[in-house]
Amino acid sequence: MKFISICLVLAAVGLVNAQVPGPVPADDGGLEKRACTASKCRCNGVSGLFCGNEKINKACTDGDVFQCNPSGATCTFGVRKSCQQCGKLSC
């Protein structure tokens, strides 16, 4: 019985002295952050990215990528190669 008590005390002391690792820095995946500038392009309210299409809305510039928010407002990240090449987020 004393042996078990001693083992429990030693285990508790070991846990108290254990070092907690510091915070892990966020991984940005090597991507460069870009500002999303408010735009007059309107969207359907489905959150996400889409390529501009001036045939649908003159404010949604061809070749640019936009982010839609639930209110129907958008912001633009500017030119995206795939939007220029094929009008899609990825070709």
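Sequence positions in the sequence shown follow mature numbering (1 follows the signal peptide of the UniProt record, and there is no 0) and run -18 to -1, 1 to 73.
Each residue gets a CB set at the ideal place from its N, CA and C atoms; glycine is no exception.
Computed from a predicted structure; not experimentally measured.
| query | result |
| --- | --- |
| Can you list, in chain order, the residues of its chain with a C-beta nearer than 8 Å to that of Gly45? Leave out the 5 residues immediately preceding and following it. | Cys33, Gly34, Val61, Arg62, Cys65 and Gln66 |
| So Gly54 and Cys18 are supposed to be a Cβ contact under 8 Å. How far apart are they, rounded? | Incorrect: roughly 15 Å between the Cβ atoms, too far for contact. |
| Between Gly27 and Asn51, what straight-line distance do the alpha-carbon atoms span, to the nearest angstrom? | 6 Å |
| Suppose only complete runs of 4+ residues qualify. What are the alpha helix (DSSP H) ranges in the segment 11 to 71, listed by chain order? | 63 to 68 |
| Please determine, among Ser72, Cys57, Cys42 and Gln49, the residue with the shortest C-alpha to C-alpha distance to Ser29. | Gln49 |
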